[in-house]
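Notes to accompany the following structure.
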Amino acid sequence: MKYLLVLSILFVSNFDFGHSQARAGQAAQNLCRNKQNGVFPHEEYCDYYYECDASGEAVIEACPNGLAFAGHKRGLVTNCDYPHRVGCPDGTRVMGQQPIGSDNCQWQYGVFPHATSCTRYWHCWNGTATIQQCPFSLLYNDVIHSCDWPDNVPDCQKHPICKDVPNGAVLIEKSCVRYWLCVGGYPRLQRCPAGLAFNPNTLRCELATTVQGCEPPPTTAAPDEEEESDANKPAANSRPQQQAPTPQQFRPSQSGVRLVGK
Ligand SMILES: *[C@@H]1O[C@H](CO)[C@@H](O)[C@H](O)[C@H]1NC(C)=O
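One point on numbering: in the working numbering, the residue at position 202 of the sequence shown is 202, and numbering is uninterrupted.
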């Protein structure tokens, strides 16, 4: 076991040439013999690749830290893309470079989870982190490195929308017909049936004519067309602001939301 460890350290240190070019082995040289200006995946490391230069010589190139070889002129930068988009690790190849971390970035390039929030995540580019916010009721899923349905994010099952009402209806402040339905902490966007409006006092869909501020206009068109806008946008027949707030009130556009106890 000890010998294996020593060997692997020696082996990795052979490849510790950072971004500088190095002459490749005989197999890669053979690949380049017939093909000029080609690129080939490295046998063991996703984040290195072979490039055939103009004279047909194979050199080893390193992807930007955190990215993996994607193919000739493919990927985000210089033949490289996010490892999860090119399928690395793949059972044979792994990342060979050491991660160069910085504030909120595990590698210089990549998409990484937020330490305390399930709805936010970090996008890192050349070591600089930019915060991102998942839209609607989605949560960040680190398995797929993007926003996903809450059901698919086992570590973040509770969404801030449902923190006060894990099971039940939650008002969307600016909408008369849409509301959140929380089930076990998962929010789902719901819509009242035609002719009904969400009553913030009873937290139910009721006849629109009986819900203050949501009465249908006198010259009624088809009731189905009264609100097609997004839940975050004010609807044409939005509630008047003087409406008494309810304890369950939640502003979907609110930023800086954090999960309780997470
Ligand atoms: C990355 O950032 C460093 C400074 O931190 C800068 O010198 C370098 O040019 C940047 N590289 C790219 C590809 O933007």
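Cβ atoms here follow ideal geometry from the backbone N, Cα and C, with glycine treated the same way.
To which residues does DSSP link residue i through a beta bridge?
i: Trp180; result: Val170, Leu189
i: Val39; result: Glu51
i: His123; result: Val111, Thr130
i: Ser102; result: Cys105
i: Glu61; result: Tyr49
i: Tyr140; result: Cys147
Does the distance between the C-beta of residue i and the nearest non-hydrogen atom of ligand 1 fall short of 7 Å?
i: Gly66; result: no
i: Asn126; result: yes
Less than 8 Å separating the beta-carbons of residue i and residue j?
i: Gln108; j: Gly66; result: yes
i: Leu189; j: Leu196; result: no
i: Glu61; j: Tyr45; result: no
i: Cys182; j: Cys156; result: no
i: Tyr186; j: His145; result: no
i: Ala169; j: Leu203; result: yes
i: Thr130; j: His123; result: yes
i: Gly75; j: Ile100; result: no
i: Arg191; j: Val211; result: no
i: Cys134; j: Cys147; result: yes
i: Pro113; j: Asp142; result: yes
i: Cys80; j: Pro64; result: yes
i: Gln106; j: Tyr121; result: no
i: His72; j: Val39; result: yes
Can you round the beta-carbon distance between residue i and residue j to whole angstroms, since I take them to be within the 8 Å contact cut?
i: Ala70; j: Cys32; result: Not quite, the Cβ-Cβ distance comes to about 19 Å (not below 8 Å), so this is no contact.
i: Met95; j: Asp47; result: 5 Å
i: Cys205; j: Pro193; result: 7 Å
Quick check: is any heavy atom of ligand 3 less than 7 Å from the C-beta of residue i?
i: Asp103; result: No copy of ligand 3 appears in this structure; the ligands present are ligand 1.
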